[in-house]
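Protein chains: 2
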Amino acid sequence: MKKSRNTRQRAVILDVLKNTESSHPTAETIYREARKVLPNISLGTVYRNLNFLRGQGLVREIRSNNEASSRFEGERPPHAHFHCTCCQTVHDIPLPDCVRNLQWEGDTPICSVNSLELHIVGACSQCVAVQS
Amino acid sequence: MKKSRNTRQRAVILDVLKNTESSHPTAETIYREARKVLPNISLGTVYRNLNFLRGQGLVREIRSNNEASSRFEGERPPHAHFHCTCCQTVHDIPLPDCVRNLQWEGDTPICSVNSLELHIVGACSQCVAVQS
DNA sequence: GTAATTGCAAAAGATTTGCCCCATT
DNA sequence: AATGGGGCAAATCTTTTGCAATTAC
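Protein chains in written order, with the working numbering: chain A, 1 to 132; chain B, 1001 to 1132.
If you want it as structure tokens, here you go:
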């Protein structure tokens, strides 16, 4: 495996991801947060590190269908994502057992499964409460 | 609802989507296909129509985590997607009943569900066969 | 005839990359 | 000291948009 260094920038980015567990920040948001600690960090560095960390399996990318930019999250136990179309928030939700245990033996092209993503799109209770 | 016209461009785009059911083309691919029929169609028109048709519920956008561009599909009965990391193909696969019937009554922020996406990532049988 | 839609090209956004310098090892 | 990684800015890529001309109705 390739040699890598523990730079202050990388540590800060991981830290931002750890401390915003439920907000699934974009690169831009991570950049803004990181700048509070390292005012000179550049957006390019944020992207380079996110890509590197994703390669290491320490960061996951999340894309939803109507958003231009990717969101990122630190690696955590398997879970699903709930996207509220009203407040644009992405929430972590438990991954149902039946999904975790899915078998694909029927008439599918699936040979081996690496990962699985379940995205629920709808309205969150908070938004519905505010509306009424 | 807003007035809309049946342009040749729109019909061709829908046709391309219908005739490439299992390939989930990108806008660029749709553009190239459409040019075979309408050599002057522009990429902007393809995007504009895809957005319009998505608004009408006739087209769906699919984004996967490591691809820069969106893929599109014509509206079809609910199904899940299988992404082969080897050949980059996206296959339609049946949506398991247990997923279709998921209930969210526990400790989640979910109030109402509009739609649901299940993405499986792995290797398809064809790729595995070729490798060995 | 009117207004939606097109083609074209420029703009906008997100992400990547080249280059030279700095900092970790 | 060697070299991985950073900062900056330019480049790239995808998608959107303004505008004048066209076309469906």
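Note that beta-carbon positions come from the ideal geometry of N, C-alpha and C, so glycine has one too.
No experiment lies behind these values; they were computed from the predicted model shown.
What does residue i touch in chain B if you count any residue whose Cβ is under 7 Å from its own?
{"i": "Ser-125 (chain A)", "result": "Pro-1109 and Cys-1111"}
{"i": "His-91 (chain A)", "result": "Pro-1109"}
Buried or exposed: residue i, going by 16 or more other Cβ atoms within 10 Å of its Cβ?
{"i": "Arg-5 (chain A)", "result": "exposed"}
{"i": "Asn-1040 (chain B)", "result": "exposed"}
{"i": "Val-1090 (chain B)", "result": "buried"}
{"i": "Gly-106 (chain A)", "result": "exposed"}
{"i": "Val-1130 (chain B)", "result": "exposed"}
{"i": "Cys-1087 (chain B)", "result": "exposed"}
{"i": "Ser-70 (chain A)", "result": "buried"}
Quick one: what's got a C-beta closer than 7 Å to residue i's C-beta in the same chain, skipping five residues either side?
{"i": "Leu-95 (chain A)", "result": "Pro-78, His-79, Ala-80 and Leu-118"}
{"i": "Arg-1008 (chain B)", "result": "Leu-1038"}
Can you tell me the Cβ-Cβ gap for residue i and residue j, rounded? I've got them flagged as a contact below 8 Å.
{"i": "Asn-1049 (chain B)", "j": "Arg-1010 (chain B)", "result": "5 Å"}
{"i": "Val-1113 (chain B)", "j": "Ile-120 (chain A)", "result": "6 Å"}
{"i": "Ala-1027 (chain B)", "j": "Val-1046 (chain B)", "result": "5 Å"}
{"i": "Val-99 (chain A)", "j": "Val-1099 (chain B)", "result": "6 Å"}
{"i": "Glu-61 (chain A)", "j": "Asn-1019 (chain B)", "result": "With 8 Å as the limit, Glu-61 (chain A) and Asn-1019 (chain B) do not qualify as a contact, their Cβ atoms being about 31 Å apart."}
{"i": "Arg-1054 (chain B)", "j": "Arg-63 (chain A)", "result": "Between Arg-63 (chain A) and Arg-1054 (chain B) the Cβ distance is about 16 Å, and since that is not below 8 Å, they are no contact."}
To which residues of the same chain is residue i closer than 6 Å at the C-beta, ignoring the five residues directly before and after it?
{"i": "Ile-110 (chain A)", "result": "Trp-104"}
{"i": "Phe-1082 (chain B)", "result": "His-1091, Ile-1093 and Ile-1120"}
{"i": "Glu-1033 (chain B)", "result": "Val-1016"}
{"i": "Leu-1102 (chain B)", "result": "none"}
I want to verify the contact list: residues of chain A whose CB lies under 8 Å from the CB of residue i, in sequence order.
{"i": "Val-1121 (chain B)", "result": "Val-113, Asn-114, Ser-115, Leu-116 and Glu-117"}
{"i": "Thr-1134 (chain B)", "result": "Because chain B spans 1001 through 1132 in this model, residue 1134 (chain B) falls outside it and cannot be assessed."}
Going along chain B, which residues have a C-beta under 9 Å from residue i?
{"i": "Val-128 (chain A)", "result": "Cys-1111 and Ser-1112"}
{"i": "Phe-52 (chain A)", "result": "Residues of chain B passing the Cβ test: none, with the nearest at roughly 14 Å."}
Looking only at its chain, what residues have a beta carbon closer than 8 Å to the beta carbon of residue i, apart from the 5 residues adjacent to it on each side?
{"i": "Leu-17 (chain A)", "result": "Pro-25, Ile-30, Val-59, Phe-72, Glu-73 and Gly-74"}
{"i": "Arg-35 (chain A)", "result": "Ile-41"}
{"i": "Cys-1127 (chain B)", "result": "Cys-1084, Cys-1086 and Cys-1087"}
{"i": "Ala-1123 (chain B)", "result": "Cys-1084, Thr-1085 and Cys-1086"}
{"i": "Leu-43 (chain A)", "result": "Ala-27, Glu-28 and Tyr-31"}
{"i": "Gly-57 (chain A)", "result": "Glu-75"}
**Report entry** Under 7 Å (Cβ pairs) to chain A, residues found in the stretch 1030-1041 of chain B
**Finding:** none
Query - Contact set between the stretch 1091-1106 of chain B and chain A, restricted to residues whose Cβ is under 8 Å from the partner - result: Within the stretch 1091-1106 of chain B, those residues whose Cβ lies closer than 8 Å to any Cβ of chain A are, in chain order, His-1091, Ile-1093, Pro-1094, Pro-1096, Cys-1098, Val-1099, Leu-1102, Trp-1104 and Gly-1106.
Query - Members of the stretch 1061-1078 of chain B that neighbour chain A once the beta carbon cut-off is set at 9 Å - result: Glu-1061, Ile-1062, Arg-1063, Ser-1064, Asn-1065, Asn-1066, Glu-1067 and Ser-1070
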